[in-house]
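*Asks:*
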Amino acid sequence: MRKIEIKDVDSENVEDLINLCIPSDNRDDYLFIEGARVKKRWATQMMKRYGVFSKLAYIELEPVGMIQYQPKQEKVIEITCIFVPEKKNLRKGIGRALLRALIDEMHRLKSYFNNEYPSALVTWAFQVPGTYPQHEFYQKMGFKHMRGDDPFLLYYPLKEGISTLRKVRNIFLRKKIKERHLYFTTLPVLPAYISQKKLKNQ
Ligand SMILES: CC(C)(COP(=O)(O)OP(=O)(O)OC[C@H]1O[C@@H](n2cnc3c(N)ncnc32)[C@H](O)[C@@H]1OP(=O)(O)O)[C@@H](O)C(=O)NCCC(=O)NCCS
14 MRKIEIKDVD SENVEDLINL CIPSDNRDDY LFIEGARVKK RWATQMMKRY
64 GVFSKLAYIE LEPVGMIQYQ PKQEKVIEIT CIFVPEKKNL RKGIGRALLR
114 ALIDEMHRLK SYFNNEYPSA LVTWAFQVPG TYPQHEFYQK MGFKHMRGDD
164 PFLLYYPLKE GISTLRKVRN IFLRKKIKER HLYFTTLPVL PAYISQKKLK
214 NQ
């Protein structure tokens, strides 16, 4: 079995993160080029503000998967995206290795939480047609439902008896997190999506 290596995203490999989410056929499409430029600017700001905000999985130096996350109130970390784009790389333990690496990192003190430990991971694991549903993946990895009426809203407690759950839930609902998710995680793909929609409506 080929070895999976997990690396934090930094200025050296940030291009790998951007390119991973762009299908190879679209690399020369100006809409994707523009989307990638915007995402790189955003990624640079995230690195400045939080240090590490994403991890990449590599197999023999080739980027094969990513996980992206950001701190929220109540010492909660929100996972905004996990993705293994190529079919040939699925079901080889890449998603699990990325999540494992993130959970390991969560056991370190965080300067953006006043040198305290994160209390929980949360995610809105919306479904992308044609892919293995990420909410099922998270549940298999030990995530729990945050609300009975939303199968996609999940959390993973990092501290025993998490007392902040209600507050976390409120943060999610108040800030309309779903829209932000779609914006950040699909950024490079968004221009093409919009243009395709326009074409369909013509
Ligand atoms: C969810 C995802 C990251 C999983 O990646 P992966 O590398 O294939 O997952 P792993 O190989 O680590 O699998 C871990 C466990 O998840 C479950 N799992 C993963 N894929 C599965 C599938 N197709 N069918 C059933 N179970 C599956 C299994 O329990 C598996 O453990 P096992 O292989 O020991 O049984 C990947 O399927 C993906 O990218 N899906 C799309 C997610 C998405 O929509 N992202 C975009 C928005 S941010």
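14 is the number of the first residue of the sequence shown in this note's numbering; add one for each residue after it.
Ideal placement from N, C-alpha and C gives every residue a C-beta, glycine not left out.
1) Using the beta-carbon count (16 or more within 10 Å), is Gln147 buried or exposed?
2) Report the CB separation of Leu74 from Lys20 in whole angstroms; it is logged as a contact under 8 Å.
3) Among Trp55, Ile46, Glu99, which one has its Cα closest to the Cα of Met79?
4) What residues does ligand 1 have around it, judged by CB closer than 5 Å to any heavy atom, in chain order?
5) Are the beta-carbon atoms of Leu166 and Pro131 separated by less than 8 Å?
6) Work out the CA separation of Glu47 and Asn128 for me, nearest whole Å.
7) Grouping DSSP H, G and I as helix and E and B as strand, with all else coil, what is Ser132?
8) Tell me whether the beta-carbon of Met59 lies closer than 8 Å to the beta-carbon of Asp23.
9) Tell me which same chain residues have a C-beta within less than 8 Å of the C-beta of Phe66, skipping the five on either side of it?
10) Could you give the residue range of the alpha helix (DSSP H) that holds Asp117?
11) Between which two residues does the beta strand (DSSP E) carrying Leu103 extend?
12) Could you tell me which residues DSSP pairs with Lys123 in its beta bridges?
13) If I follow the unbroken beta strand (DSSP E) through Asp163, where does it start and stop?
14) On the CB-based measure, 16 or more other CB atoms within 10 Å of its CB, does Glu18 come out buried or exposed?
15) Entirely within the segment 42-85 and at least 4 residues each: give me those alpha helix (DSSP H) ranges in chain order.
16) Can you give the Cα-Cα distance for Asn32 and Ile116, rounded to whole angstroms?
17) Going by Cα to Cα distance, which pick from Val135, Arg121, Lys123, Ile72 is closest to Leu103?
18) Less than 8 Å between the beta carbons of Val89 and Val135, yes or no?
19) Along the beta strand (DSSP E) that carries Ile17, what are the first and last residues, could you check?
*Replies:* The structure says:
1) Translated into the one-based positions of the sequence shown, residue 147 becomes position 134. The residue in question, Gln147, is buried, as its Cβ has 16 or more Cβ neighbours within 10 Å.
2) Counting from 1 along the sequence shown, the entry for residue 74 is found at position 61. Counting from 1 along the sequence shown, the entry for residue 20 is found at position 7. Going by Cβ atoms, the distance from Leu74 to Lys20 rounds to 10 Å, so no, they are not a contact pair.
3) Walking along the sequence shown from the start, residue 79 turns up at place 66. Checked all of Trp55, Ile46, Glu99; the closest Cα to Met79 is Glu99.
4) Cys94, Ile95, Phe96, Val97, Leu103, Arg104, Gly106, Ile107, Gly108, Arg109, Val141, Thr144, Tyr145, Gln147, Phe150, Lys153, Thr198
5) Counted from its first residue, the sequence shown places residue 166 at position 153. Counted from its first residue, the sequence shown places residue 131 at position 118. For Leu166 and Pro131, no; Cβs fall outside 8 Å.
6) The sequence position of residue 128 within the sequence shown is 115, counting from 1. The sequence position of residue 47 within the sequence shown is 34, counting from 1. Cα to Cα, Asn128 sits roughly 37 Å from Glu47.
7) On the sequence shown, position 119 is the one that residue 132 refers to. Three-state result, Ser132: coil.
8) Start at 1 with the first residue of the sequence shown, and residue 59 comes out as number 46. Start at 1 with the first residue of the sequence shown, and residue 23 comes out as number 10. Taking 8 Å as the Cβ cut-off, Met59 and Asp23 do not qualify as a contacting pair.
9) On the sequence shown, position 53 is the one that residue 66 refers to. Result list for Phe66: Val22, Ala56, Met59, Met60, Gln81, Tyr82, Gln83, in chain order.
10) Here residue 117 refers to the residue found at position 104 when the sequence shown is read from its first residue. 107-118 is the extent of the alpha helix (DSSP H) around Asp117.
11) Numbered from 1 along the sequence shown, position 90 holds the residue referred to as residue 103. Neither: Leu103 is in no beta strand (DSSP E) and is coded neither H nor E.
12) Numbered from 1 along the sequence shown, position 110 holds the residue referred to as residue 123. Beta-bridge pairing links Lys123 to Glu129.
13) If you number the sequence shown from 1, residue 163 lands on position 150. That run of the beta strand (DSSP E) goes 163-170.
14) Numbered from 1 along the sequence shown, position 5 holds the residue referred to as residue 18. Counting Cβ neighbours within 10 Å, Glu18 comes out exposed, since fewer than 16 surround it.
15) 43-63
16) One-based indexing of the sequence shown puts residue 32 at position 19. One-based indexing of the sequence shown puts residue 116 at position 103. Spanning the two alpha carbons is a distance of roughly 25 Å.
17) Within the sequence shown, the letter at position 90 stands for residue 103. Closest option to Leu103, Cα to Cα, is Ile72.
18) Here residue 89 corresponds to residue number 76 of the sequence shown, with the count starting at 1. Here residue 135 corresponds to residue number 122 of the sequence shown, with the count starting at 1. Result yes, Cβ atoms of Val89 and Val135 sit closer than 8 Å.
19) Counting from one through the sequence shown, the residue named residue 17 turns up at place 4. Ile17 -> beta strand (DSSP E) spans 17-21.
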